[in-house]
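Chemist: Residue numbers (the working numbering): 90 to 359.
(1) Output needed for residue 169: all residues of its chain with C-beta closer than 7 angstroms, excluding positions within five of it in sequence on either side, in chain order.
(2) Helix, strand or coil for residue 140? Go by DSSP, reduced to three states.
(3) Please state whether the Cβ-Cβ distance between residue 234 and residue 185 is less than 8 angstroms.
(4) Taking C-beta to C-beta, are residue 242 and residue 179 nearer than 8 angstroms?
(5) Threshold first: 4 residues or longer. Then list the alpha helix (DSSP H) segments lying entirely within the stretch 117-203, N to C.
(6) Looking only at its chain, what residues have a beta carbon closer than 7 angstroms to the beta carbon of residue 223, apart from the 5 residues adjacent to it on each side?
(7) Between residue 251 and the rest of its own chain, which residues show a CB-CB distance below 8 angstroms, the 5 nearest in sequence each way excluded?
(8) Taking just the CA atoms, how far does residue 302 sit from residue 214?
(9) For residue 241, report the span of its alpha helix (DSSP H) as first-last.
(10) Inspect the CB distances between the stretch 277-285 and the stretch 307-325 and report whether three or more fall short of 8 angstroms.
(11) Taking a contact to mean a Cβ-Cβ separation below 8 angstroms, would you say residue 367 touches residue 237 in this structure?
(12) Touch check for the stretch 148-166 and the stretch 321-331: three-plus C-beta pairs under 8 angstroms?
(13) Go through its chain and collect everything with a Cβ distance to residue 133's Cβ below 8 angstroms, but skip five positions before and after it.
(14) Here's the rule: buried if 16 or more other CB atoms are within 10 angstroms of the residue's CB, otherwise exposed. What is residue 313?
(15) Taking residue 352 as the reference, give the member of 306, 332, 278 with the closest Cα.
(16) With H, G and I counted as helix, E and B as strand and the rest as coil, what does DSSP make of residue 353?
Structure (structure tokens):
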């Protein structure tokens with residue numbers, strides 16, 4: 090009896106909590122399983138022709154065939170390189186222009202209207218002009234990516250600088266902080282929430298620009314695989330290239346999300 094009471098009084102081992110990262114991964118895998126399952130069921134139940142919508146297995150076989158033929162990884166690396174270079178360039182150009190428009194009234198009055206007009210122009214119409222001006226190579230593709238990715242960073246930088254209180258600027262003057270030190274220690278950290286939001290948009294725009302440029306002018310890249318699959322009526326290849334673009338976009342957006350958690354850790358710690 091005493092032993093039973095002592096056993097009942099002993100603390101029960103707590104169940105292990107699943108980490109948020111593992112929980113998010115499990116939820117993502119579950120969503121993918123559901124989507125692929127619905128896709129497979131629909132193709133089989135509706136007897137959809139392969140040229141309209143191939144089954145997931147056919148798309149996977151196309152990925153394997155492209156990998157074995159040397160068509161996959163070279164095109165993936167080419168597109169990812171263009172996205173990365175265009176995104177980094179867009180971040181640098183956009184933040185510099187955003188600071189200039191914030192700091193100079195003359196720059197806002199002179200340059201801002203032209204920048205807005207350039208951004209408002211449809212990129213699908215500008216892309217052929219870029220091919221004429223810069224050729225079919227990497228230069229025209231990079232310019233198109235930069236045109237799409239710099240604008241969100243420019244707007245975000247300006248909004249972030251405008252969100253800093255004038256009292257903080259007054260404090261910086263009292264502390265005799267130079268412009269570079271004030272920018273590095275006050276303005277840049279204070280603008281980081283807006284910059285992260287702009288980067289999330291810019292990475293998607295960079296991806297869109299890369300695929301659009303490759304679709305129009307390139308002979309390599311994921312956009313080229315889409316053109317090749319479409320022109321050869323190879324629907325599994327086309328779907329595979331589309332899925333790879335989705336994966337690339339999710340990977341870029343997820344990388345910005347991880348950077349946000351690290352750079353803005355102070356917001357969740359308050």
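The beta-carbon is built from N, C-alpha and C at its ideal position, and this holds for glycine as well.
Modeler: Taking the coordinates as given:
(1) If we look at residue 169 and ignore the five residues flanking it on each side, its Cβ neighbours are 337.
(2) Correct three-state label for residue 140: coil.
(3) Going by C-beta atoms, residue 234 is not nearer than 8 angstroms to residue 185.
(4) Going by C-beta atoms, residue 242 is nearer than 8 angstroms to residue 179.
(5) DSSP runs (the alpha helix (DSSP H)) wholly in the stretch 117-203: 145-158, 162-192.
(6) Closer than 7 angstroms at the Cβ level, and outside the excluded window around residue 223, lie 229, 232.
(7) Within the same chain, residue 251 has close Cβ partners 191.
(8) Near 11 angstroms, if we compare the C-alpha coordinates of residue 302 and residue 214.
(9) Per DSSP, residue 241 belongs to the alpha helix (DSSP H) from 227-251.
(10) Contact fails: fewer than three Cβ-Cβ distances are below 8 angstroms.
(11) This structure does not reach residue 367, given that the chain is present from 90 up to 359, and the question cannot be answered.
(12) Touching, per the Cβ criterion.
(13) 144.
(14) Under the 10 Å beta carbon count, residue 313 is surrounded by 16 or more other beta carbons and is classified as buried.
(15) For the options 306, 332, 278, the alpha carbon positioned closest to that of residue 352 is the one of 278.
(16) Coil, per DSSP.
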